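Everything in the first sequence is counted per numbering that gives the first Met the number 0, starting at 0 for the first residue and increasing by one.
The structure appears right after this line, and notes come after that.
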Amino acid sequence: MRNKSFYPSKPLPRSFYQRSTLDVAPGLIGKILVRRYHGSFLAGMIVEVEAYHGFDDKASHAYQRRSGRSEIMYNRGGIAYVYFTYGMYHCLNVVTEKEGYPAAVLIRALEPIAGITTMHKLRGNPHTQQLTNGPGKLCMALHITKNENGIDLQSKELFITRGRNIPSHLIGTSRRIGISRSVENEWRYFLKGNPFVSHHR
DNA sequence: ACGCTGATGAAG
DNA sequence: TTCATCAGCGTT
């Protein structure tokens with residue numbers, strides 16, 4: 000848990016991201032998201048994600064449009080897509096699949112692993128359980144903003160590494176949170192029983 | 001249950 | 001140019 004004892008493994012290869020989004024999304028559960036900040040590492044285990052993909056997903060930013068904000072989702076997998084929402088918050092996605100197919104996975108929650116003191120400062124000292132249990136919260140805690148939009152996940156600044164291997168029976172699925180269209184698709188994945196998974200409202 | 005807050009994109 | 005819509009959060 001101490002930052003000094005944490006040194007990350009190599010970034011996951013680009014090939015990890017260039018697969019079906021519905022394979023990448025549950026595959027991210029248990030992996031470690033790493034952010035370099037002022038020369039040290041902030042890190043957390045991914046415990047909740049949502050997939051947004053393809054031409055028929057009405058909740059996707061890329062639905063029936065390819066311009067501005069959503070253009071980045073058409074890139075080949077392996078880069079970050081960070082967007083600003085509700086006038087206040089940033090959300091981190093990882094782009095998946097091949098060039099020309101619009102898709103990304105939203106990182107919704109982390110279990111903090113390293114740099115927890117720094118994360119508390121960046122978040123305004125909430126209880127640890129509230130530190131990274133939501134997509135806006137984890138971006139605040141890891142200082143992820145639109146400056147990181149488009150960053151290559153092979154970069155030292157922001158990447159994902161191997162973590163725990165999670166047996167599939169420990170991964171739960173549900174409808175996605177906070178959307179009004181295509182609600183029937185159960186493309187949210189989370190680590191069952193983990194206290195950092197965000198709660199439904 | 002609601003207000004905060006501003007980027008986005010569609011409509012006019 | 002105006003307007004509705006929001007992949008959220010914190011306080012009520």
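Note that CB positions come from ideal geometry on N, CA and C, so glycine has one too.
This one's a predicted model, so the numbers in the text were calculated from it and none came from an experiment.
Residue i and residue j: beta carbons closer than 8 angstroms?
| i | j | result |
| --- | --- | --- |
| Pro101 | Tyr82 | no |
| Arg75 | Gln17 | yes |
| Gly77 | Val94 | yes |
| Gly26 | Leu137 | no |
| Ala108 | Glu147 | no |
Name the two residues that bound the continuous beta strand (DSSP E) containing residue i.
| i | result |
| --- | --- |
| Arg13 | Arg13 -> not in any beta strand (DSSP E); alpha helix (DSSP H) instead, spanning Arg13 to Tyr16. |
| Arg34 | Ile31 to Tyr36 |
| Met44 | Ser39 to His52 |
| Pro111 | Ala102 to Ala113 |
| Leu91 | Tyr88 to Val94 |
| Gly171 | Ile170 to Ser173 |
Less than 6 angstroms between C-beta atoms, sequence neighbours within five positions excluded: which residues of the same chain meet that for residue i?
| i | result |
| --- | --- |
| Tyr36 | His142 |
| Arg200 | With a pLDDT of only 45 at Arg200, under 50, the local geometry of the prediction cannot be trusted, and the value read off the model is given with reservation. There are no such residues. |
| Tyr51 | Ser59 and Ala103 |
Where does the unbroken alpha helix (DSSP H) through residue i begin, and where does it stop?
| i | result |
| --- | --- |
| Val23 | Thr20 to Leu27 |
Shortest alpha-carbon distance to residue i belongs to which of the options?
| i | options | result |
| --- | --- | --- |
| Glu70 | Gly86, Cys90, Glu98 and Leu91 | Glu98 |
| Ala79 | Gly86, Phe40 and Leu91 | Leu91 |
Counting beta carbon pairs with one atom in the region 116-130 and one in the region 162-179, are three or more of them shorter than 8 angstroms? no
Count Cβ pairs between the region 146-163 and the region 23-39 that sit closer than 8 angstroms; are there 3 or more? yes
Below 8 angstroms, can you find three or more Cβ-Cβ pairs linking the region 180-199 to the region 118-134? yes
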